[in-house]
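K.L.:
One structure follows; several queries about it will come next.
Numbering (our numbering), first residue to last: 1112 to 1223.
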């Protein structure tokens, strides 16, 4: 079933965040490397180094030091949109060398 969860996890603020199978499979076509980072995505939501609230209302959760191989010095980024009632849905997962622009909250200085 397309809307079944790949995972549901409680983020660092106590919100229940869901990654659906449909979202995950759609993004695998463009970013096949994320298939190896599902557990790391959960870890990023639970204990991000940095969060960035963007203009569209989404929130990026970033964690450094989780990448491997050619992604070694990148942030793992997970974009979440709020559904209300302390719930959110993952819109995308990616590995990036840069943070998105927006309102930044540093929880700890990321070190590669």
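Every residue, glycine too, gets a C-beta built ideally from N, C-alpha and C.
Identify, in the order they occur along the chain, each residue of the same chain with its Cβ nearer than 7 Å to the Cβ of residue 1138, setting aside the five sequence neighbours on each side.
P.N.:
1145, 1203, 1204
K.L.:
Rounding to the nearest angstrom, what Cα-Cα distance links residue 1208 and residue 1153 in this structure?
P.N.:
19 Å
K.L.:
Helix, strand or coil for residue 1119? Go by DSSP, reduced to three states.
P.N.:
strand
K.L.:
Would you kindly work out how many angstroms separate the C-alpha atoms of residue 1177 and residue 1196, rounded to a whole number?
P.N.:
30 Å
K.L.:
Considering Cα atoms alone, identify which of 1147, 1165, 1159 is closest to residue 1213.
P.N.:
Measuring from the Cα of residue 1213, the nearest candidate turns out to be 1165.
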